[in-house]
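Colleague: In this note's numbering, the protein residues as written are 65 to 323. Using N, Cα and C, we set each Cβ at its ideal position, and we do this for glycine too. Have a look at the structure that comes next, please.
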Amino acid sequence: MATNTLEYPNEHSQAASLGRQILTQIQCELLLTMRRGENVLVTLVVPVLLLIFFTSLNVVPSVNGSAINFLLPGILAVAIMAAGMVNLGIATAYERYYGVLKRLGSSPLSRSGLIMAKVISILILETIQVLLLVGVAIILYGWKPVGSPLLVLLTIVLGTVTFASLGLAMAGALRAEMTLAGANALFLLFLLIGGGILPLSHLPVPLAMVSQWLPAAALTQALQATMSRGGSVPLMQLIELAVWAIVILCVAMRTFKWE
């Protein structure tokens, strides 16, 4: 009994130490992101410009009498992909290239702790994205919040874990130049066939069938359902997104290299 009593404080101390390390790393990640102007442009400004641009074209479907009801969930999905896969993936790849990760590897912070810190920092950044996009939709287009806030939050978290893990998986296994090219190529692909701007029904049938099983379409469709009036719970899309999140996160943790 005495041995067990002594182990509990030790385990608690280790957990508290890990928590402090992750919190410190989150603060560093957010500070570095704000210092990189191109990251701010991609993660905050570009999604807003896309929302305004495509709304002004009047070429997207109208949902409940307004195009903004279709576009806002899709642009939110695009913003999540940009923040996690593109922004985080490329930034981490160059941190590895310049030896920043190698120095972090010699610190007490574990590989899984670093990945957790990076994913959480992206979640915090996306809070600003969501507030900004929703604010623009309300002020410029009179959008009114509908749907289930809890399901929207769950979808955003699952989408963030999925695409942040995808970016980290590329950054930890590929060269920086390959990550740069791969992240941008995937982003363009998901932008075109993810269903956020161009409905999947507008795609050729074989391509639409493939798109249904990709994480971009699952994220977009889940957001569209949870942010619509009277929409059903997108159970299949949420399950699909959760599976993608678990699989890609496990891959990222197993393949991530410090140098």
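Which same chain residues end up closer than 7 Å to Leu70 when comparing Cβ atoms and leaving out the 5 residues on each side of it in sequence?
Modeller: Its pLDDT being 45, under 50, Leu70 is placed unreliably by the model, and the measurement read from it follows with that caveat. No residues qualify anywhere along the chain.
Colleague: Under a three-way DSSP split, which group does Ser265 fall into?
Modeller: Three-state result, Ser265: helix.
Colleague: Tell me whether the beta-carbon of Gly211 lies closer than 8 Å to the beta-carbon of Thr284.
Modeller: Not in contact: Gly211 and Thr284 (Cβ atoms no closer than 8 Å).
Colleague: Distance, Cα to Cα, Met317 vs Asn122?
Modeller: Roughly 43 Å between the two C-alpha positions.
Colleague: Ala286 and Leu271 - do their beta-carbons sit closer together than 8 Å?
Modeller: It is not a contact, given that the beta carbons lie outside the stated cut-off.
Colleague: Please report the straight-line C-alpha distance between Gly101 and Val109, rounded to a whole angstrom.
Modeller: Their backbone Cα atoms lie some 11 Å apart in a straight line.
Colleague: With C-beta atoms as the reference, is Ala309 less than 8 Å away from Ser229?
Modeller: Going by C-beta atoms, Ala309 is nearer than 8 Å to Ser229.
Colleague: Any idea if Arg167 is buried or exposed, counting beta-carbon neighbours within 10 angstroms, 16 or more meaning buried?
Modeller: It is exposed - the Cβ of Arg167 has fewer than 16 other Cβ atoms within 10 Å.
Colleague: Leaving out five residues on either side along the sequence, give the residues of the same chain with a beta carbon under 7 Å from the beta carbon of Ile139.
Modeller: Taken in chain order, the residues that qualify are Pro111, Leu114, Leu115, Leu197 and Gly260.
Colleague: With respect to the alpha helix (DSSP H) encompassing Lys182, which residues constitute its N-terminal and C-terminal limits?
Modeller: From DSSP, the alpha helix (DSSP H) with Lys182 extends over Arg175 to Tyr205.
Colleague: Span of the alpha helix (DSSP H) holding Asn103?
Modeller: It spans Gly101 to Val104 - the alpha helix (DSSP H) in which Asn103 sits, taken as one unbroken run.
Colleague: Rank Gly206, Leu187, Ile192 and Gly199 by C-alpha distance to the C-alpha of Leu218 and give the top, closest one.
Modeller: Comparing Cα positions, the closest option is Leu187.
Colleague: To test your reading of the DSSP string, which unbroken alpha helix (DSSP H) runs of 4 or more residues are found completely within the stretch 219-282?
Modeller: Runs found: 240-257 and 269-275.
Colleague: Pairs of beta-carbons, one from the stretch 193-209 and one from the stretch 252-269, closer than 8 Å: are there three or more?
Modeller: The stretch 193-209 vs the stretch 252-269: no contact.
Colleague: With distances taken Cα to Cα, identify the nearest neighbour of Ile303 among Ser292, Val315, Leu278 and Cys314.
Modeller: Looking at the Cα atoms, Leu278 is the closest of the given residues.
Colleague: Would you mind reading off the limits of the alpha helix (DSSP H) that contains Tyr158?
Modeller: Segment Gly153 to Tyr161, the alpha helix (DSSP H) holding Tyr158.
Colleague: Within the same chain, show all residues whose beta-carbon is closer than 8 Å to that of Tyr161, passing over the 5 residues directly before and after it, in chain order.
Modeller: Only Arg239 and Ala240 meet the Cβ criterion.
Colleague: Residue range of the alpha helix (DSSP H) that Glu304 falls in?
Modeller: Looking at the DSSP string, the run of the alpha helix (DSSP H) that includes Glu304 is Leu299 to Thr319.
Colleague: How many angstroms separate the CA atom of Trp207 from the CA atom of Val194?
Modeller: Near 14 Å, if we compare the C-alpha coordinates of Val194 and Trp207.
Colleague: How should Gly246 be labelled, buried or exposed, when 16 other C-beta atoms within 10 angstroms of its C-beta is the threshold for buried?
Modeller: Counting Cβ neighbours within 10 Å, Gly246 comes out buried, since at least 16 surround it.
Colleague: Around the Cβ of Gln91, are there at least 16 other Cβ atoms within 10 angstroms (buried) or fewer (exposed)?
Modeller: Classification of Gln91: exposed, given that the 10 Å Cβ count is below 16.
Colleague: Within a Cβ cutoff of 7 Å, which residues of the same chain sit near Leu173, ignoring the five residues on either side of it in sequence?
Modeller: Cβ within range, chain order: Gln85 and Gln89.
Colleague: Which of the three DSSP states is assigned to Lys166 in this structure?
Modeller: It is helical.
Colleague: Leaving out the 5 sequence neighbours to the left and right, which residues in its chain are closer than 6 Å to Ile184 when beta-carbon positions are compared?
Modeller: Once the five neighbours on either side are set aside, the close Cβ partners of Ile184 are Ile90.
Colleague: Which residue's Cα is closest to the Cα of Glu190: Trp322, Ile144 and Val124?
Modeller: The shortest Cα separation from Glu190 among Trp322, Ile144 and Val124 belongs to Ile144.
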